[in-house]
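Residue numbers (our numbering): 89 to 155.
Think of the CB as a built atom: it goes at the ideal place given N, C-alpha and C, for glycine as much as any other residue.
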Amino acid sequence: MSDLYPDAQPSIEEQIKCVLREIGMRERVYPRWIEQRKLLPKKAEREIALMRAVLETLRQVERTTLA
């Protein structure tokens, strides 16, 4: 890990917040990138879908650790 977490892995809650920020950033930035032809619409959709899948995986892990 990095110097930010020398002794412990980031918590599930921290990871979920990070993924939520990333999804929000992609939803804001990707339309402009598509308009500028830096990113294909299908690729943008796929990348956001993948990040949402990561979020769901983390939430499943969170539920199992709380149970």
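Residue nearest to residue i in terms of C-alpha spacing, selected from the options
i      : options                        : result
Leu108 : Ala96, Val142, Thr152, Val149  : Val142
Ala137 : Thr152, Gln97, Gly112          : Gly112
Glu110 : Ala132, Thr153, Ala155, Leu154 : Ala132
Check whether residue i and residue j have beta carbons under 8 Å apart
i      : j      : result
Arg120 : Met139 : no
Arg147 : Ile104 : yes
Tyr118 : Leu127 : yes
Nearest-angstrom Cβ-Cβ length linking residue i and residue j, presumed shorter than 8 Å
i      : j      : result
Glu150 : Ile100 : 5 Å
Where the alpha helix (DSSP H) containing residue i begins and where it ends
i      : result
Arg147 : 129-154
Lys105 : 100-123
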